[in-house]
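**Student:** With our numbering as the guide, the letters of the sequence shown map in order to residues 60 to 464. Don't be surprised by glycine CBs; every beta carbon is placed ideally from N, CA and C.
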Amino acid sequence: MTESITPTWIYTVLLVSIFCGTPALAVGDHDDHEEDGDHQHEESHEENIVTLTEDQMKSLSLGSVLVSRGELTERFSFPAEIQFDPMKVAHLTPRVQGTVREVNHVLGDVVKGGSELAVLESRELGVSKSNYLASLALQRLRERTFAREERLWKQQITSEQDYLEAAQALEESRIEVLLARQNLLALGVSEEDLALLGLQGNHLELNRYRMTMPFDGRIIEQHITRGEVLDERDAAFVVADTRSMWVNARVPERDLAQVSEGLEALVTVKSLGGAAFNGRIEYLSSQLDPETRTALARLTLPNPDGLLRAGMFAELTVLVPRQSATSGGLIVPSAAIQRVKDGQVVFKRIGEGTYESIPVTILRITANAAEVSGELAAGDSLATGDLFILKSQVSKHELGSGHSH
Numbered sequence: 060m061t062e063s064i065t066p067t068w069i070y071t072v073l074l075v076s077i078f079c080g081t082p083a084l085a086v087g088d089h090d091d092h093e094e095d096g097d098h099q100h101e102e103s104h105e106e107n108i109v110t111l112t113e114d115q116m117k118s119l120s121l122g123s124v125l126v127s128r129g130e131l132t133e134r135f136s137f138p139a140e141i142q143f144d145p146m147k148v149a150h151l152t153p154r155v156q157g158t159v160r161e162v163n164h165v166l167g168d169v170v171k172g173g174s175e176l177a178v179l180e181s182r183e184l185g186v187s188k189s190n191y192l193a194s195l196a197l198q199r200l201r202e203r204t205f206a207r208e209e210r211l212w213k214q215q216i217t218s219e220q221d222y223l224e225a226a227q228a229l230e231e232s233r234i235e236v237l238l239a240r241q242n243l244l245a246l247g248v249s250e251e252d253l254a255l256l257g258l259q260g261n262h263l264e265l266n267r268y269r270m271t272m273p274f275d276g277r278i279i280e281q282h283i284t285r286g287e288v289l290d291e292r293d294a295a296f297v298v299a300d301t302r303s304m305w306v307n308a309r310v311p312e313r314d315l316a317q318v319s320e321g322l323e324a325l326v327t328v329k330s331l332g333g334a335a336f337n338g339r340i341e342y343l344s345s346q347l348d349p350e351t352r353t354a355l356a357r358l359t360l361p362n363p364d365g366l367l368r369a370g371m372f373a374e375l376t377v378l379v380p381r382q383s384a385t386s387g388g389l390i391v392p393s394a395a396i397q398r399v400k401d402g403q404v405v406f407k408r409i410g411e412g413t414y415e416s417i418p419v420t421i422l423r424i425t426a427n428a429a430e431v432s433g434e435l436a437a438g439d440s441l442a443t444g445d446l447f448i449l450k451s452q453v454s455k456h457e458l459g460s461g462h463s464h
């Protein structure tokens with residue numbers, strides 16, 4: 060009896076083991092594989108993260124640039140200089156010789172157009188005004204004479220000869236007035252002053268010569284003092300409208316094929332803390348300087364605050380558009396792209412002192428920027444500058460991964 064029971068019990072245990080134990084072992088093995096896969100994925104992600112210590116942050120010179128979407132542009136930079144717009148600069152000289160009696164504005168003053176800058180006493184101007192008044196008075200007299208002779212001739216009281224002589228004398232007077240008037244205008248007397256002179260000539264200072272501001276602007280040079288004698292060749296003031304300024308740059312012959320009128324440009328002024336101003340190339344000269352082999356490029360910048368001053372050195376950067384591989388592609392400055400074992404990467408800032416290595420594929424590249432594809436978005440902040448430690452950490456992880464295989 061005992062012999063027959065023993066085999067049945069053994070078979071029962073074996074069957075239970077087969078149908079219960081074996082599947083349990085299989086499920087457990089599958090869970091282990093899933094955990095290993097998740098663990099490897101987490102390790103792979105963590106290997107792309109580099110966190111710098113506080114000491115490393117202090118010792119490194121790291122900058123940052125932003126990912127943008129748009130068209131790829133290539134930059135060409137040239138030395139430049141800020142200058143006055145020559146169409147808005149005036150050298151003011153007296154039209155007559157005279158002695159300075161009043162100086163109403165001085166160097167640096169901002170003056171409205173038409174304002175009186177200085178007053179001279181001029182004998183020459185006094186004589187010219189006297190001649191004008193005399194010719195004007197003679198014309199009025201001859202107008203009355205002609206009117207009387209014309210009336211008498213029509214009444215057949217006087218001869219036609221007397222009438223014609225009166226008409227000729229009046230015409231001569233008109234010519235004399237015209238010549239005297241033109242002479243005063245040439246001496247700088249305004250139409251307004253001429254009209255006033257005709258009405259109140261006997262009550263005005265005929266030798267008073269006014270120097271006036273030709274337009275709204277600033278006095279940038281002054282060469283006049285009270286009591287000084289000036290003549291027509293002496294520049295009393297130099298004035299300029301500084302509300303807009305020219306930027307002149309010299310473009311080397313080798314770069315002329317890249318630059319054209321109408322291109323966007325950026326003007327950077329180092330002496331203003333690196334301040335940048337946007338503009339467009341307005342003029343590119345059609346001839347080269349035979350000595351420097353360069354062409355003149357020019358643009359105009361608004362200067363409402365007067366920050367730009369003539370003579371300042373600047374850098375003109377011309378933005379030349381290049382055809383992108385895709386419309387609105389991801390644009391990354393070249394300084395942010397680093398070469399590693401498996402290709403190119405950028406380091407995206409994900410926290411204070413923490414960066415993630417992002418693989419990128421370069422689609423198009425210029426000297427300053429590249430269009431890339433990768434797990435980036437417009438506005439992402441990328442590291443630039445001393446990237447050696449970041450790059451070395453990524454390379455170390457790559458070597459470690461290679462040994463594990």
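Does the region 332-351 touch the region 182-191, meaning 3 or more C-beta pairs lie closer than 8 Å?
**Tutor:** no
**Student:** If you check the beta carbons only, do residue 347 and residue 306 fall under 7 Å apart?
**Tutor:** Position 288 of the sequence shown, counted from the start, is the residue given in the question as residue 347. Position 247 of the sequence shown, counted from the start, is the residue given in the question as residue 306. Not closer than 7 Å, so no.
**Student:** Any idea what DSSP makes of residue 407, helix, strand or coil?
**Tutor:** The residue given as residue 407 occupies position 348 in the sequence shown. The answer is strand: DSSP assigns residue 407 an E or B state.
**Student:** Select from 301, 195, 421 and 391 the residue whose C-alpha is nearest the C-alpha of residue 369.
**Tutor:** Against the sequence shown, residue 369 aligns to sequence position 310. Comparing Cα-Cα distances from residue 369 to each of 301, 195, 421 and 391, the minimum goes to 301.
**Student:** Quick check on the DSSP output: what are the complete alpha helix (DSSP H) runs of length 4 or more inside the region 95-178, in order along the chain?
**Tutor:** Here the runs fully enclosed are 113-118.
**Student:** Can you give the Cα-Cα distance for residue 224 and residue 286, rounded to whole angstroms?
**Tutor:** Taking the first residue of the sequence shown as position 1, residue 224 is located at position 165. Taking the first residue of the sequence shown as position 1, residue 286 is located at position 227. Cα to Cα, the separation comes out at about 50 Å.
**Student:** Alpha carbon to alpha carbon, what distance is there between residue 219 and residue 177?
**Tutor:** Residue mapping note: residue 177 aligns to position 118 of the sequence shown, counting from 1. Residue mapping note: residue 219 aligns to position 160 of the sequence shown, counting from 1. Approximately 54 Å between the Cα atoms of the pair.
**Student:** Residue 289 and residue 153: beta carbons closer than 7 Å?
**Tutor:** Numbered from 1 along the sequence shown, position 230 holds the residue referred to as residue 289. Numbered from 1 along the sequence shown, position 94 holds the residue referred to as residue 153. Contact: yes.
**Student:** Between residue 163 and residue 371, what straight-line distance do the alpha-carbon atoms span, to the nearest angstrom?
**Tutor:** Here residue 163 refers to the residue found at position 104 when the sequence shown is read from its first residue. Here residue 371 refers to the residue found at position 312 when the sequence shown is read from its first residue. Cα to Cα, the separation comes out at about 30 Å.
**Student:** Rank 114, 123, 112 and 130 by C-alpha distance to the C-alpha of residue 423 and give the top, closest one.
**Tutor:** What you label residue 423 is simply residue 364 of the sequence shown in a count that begins at 1. Among 114, 123, 112 and 130, the Cα nearest to that of residue 423 belongs to 130.
**Student:** Determine the direct distance from the alpha carbon of residue 248 to that of residue 237, and round the result to whole angstroms.
**Tutor:** Mapped onto the sequence shown, residue 237 falls at position 178. Mapped onto the sequence shown, residue 248 falls at position 189. One C-alpha to the other measures close to 14 Å.
**Student:** Classify residue 220 as helix, strand or coil using the three-state DSSP reduction.
**Tutor:** In the sequence shown, the residue the question calls residue 220 occupies position 161. Here residue 220 sits in helix by DSSP.
**Student:** Can you check DSSP and say which residues form a bridge with residue 321?
**Tutor:** Taking the sequence shown and counting its residues from 1, the one referred to as residue 321 is at position 262. According to DSSP, which records beta bridges pairwise, residue 321 is partnered with nothing at all.
**Student:** Could you check if residue 272 is buried or exposed, using at least 16 other CB atoms within 10 Å of its CB as the buried criterion?
**Tutor:** Numbered from 1 along the sequence shown, position 213 holds the residue referred to as residue 272. Its Cβ being crowded by 16 or more others within 10 Å, residue 272 is buried.
**Student:** Measure the Cβ-Cβ separation of residue 401 and residue 126 and say whether it is below 7 Å.
**Tutor:** As a working mapping, residue 401 is identified with position 342 in the sequence shown. As a working mapping, residue 126 is identified with position 67 in the sequence shown. For residue 401 and residue 126, no; Cβs fall outside 7 Å.
**Student:** On the three-state DSSP scale, how would you describe residue 278?
**Tutor:** Within the sequence shown, residue 278 is the residue found at index 219, counting from 1. Three-state DSSP puts residue 278 in a strand.
**Student:** Whole angstroms are fine: how far does the CA of residue 174 sit from the CA of residue 380?
**Tutor:** The residue given as residue 380 occupies position 321 in the sequence shown. The residue given as residue 174 occupies position 115 in the sequence shown. When rounded, the separation of the alpha-carbon atoms in residue 380 and residue 174 is 48 Å.
**Student:** Of all the options 221, 280, 197 and 187, which has the alpha carbon lying nearest to the alpha carbon of residue 244?
**Tutor:** Numbered from its first residue, the sequence shown carries residue 244 at position 185. Closest option to residue 244, Cα to Cα, is 187.
**Student:** So residue 267 packs on residue 137, CB below 8 Å; how close in whole Å?
**Tutor:** As a first step, residue 267 is located in the sequence shown; it is residue number 208 there, counting from the start. As a first step, residue 137 is located in the sequence shown; it is residue number 78 there, counting from the start. Separation of the CB atoms of residue 267 and residue 137 is rounded to 51 Å, and the pair is thereby denied contact status at 8 Å.
**Student:** Between which residues of its own chain and residue 425 is the CB-CB distance below 8 Å, once the five residues before and five after are set aside?
**Tutor:** As a position in the sequence shown, residue 425 is number 366, starting the count at 1. Here the set comprises 131, 132, 133, 134, 381 and 393.
**Student:** May I have the straight-line CA-CA distance separating residue 128 from residue 376, to the nearest angstrom?
**Tutor:** Within the sequence shown, the letter at position 69 stands for residue 128. Within the sequence shown, the letter at position 317 stands for residue 376. Between residue 128 and residue 376, the C-alpha separation is close to 20 Å.
**Student:** Could you spell out where the alpha helix (DSSP H) holding residue 186 opens and where it closes?
**Tutor:** Working through the sequence shown from its first residue, we reach residue 186 at position 127. 182-213 is the span of the alpha helix (DSSP H), which, as asked, contains residue 186.
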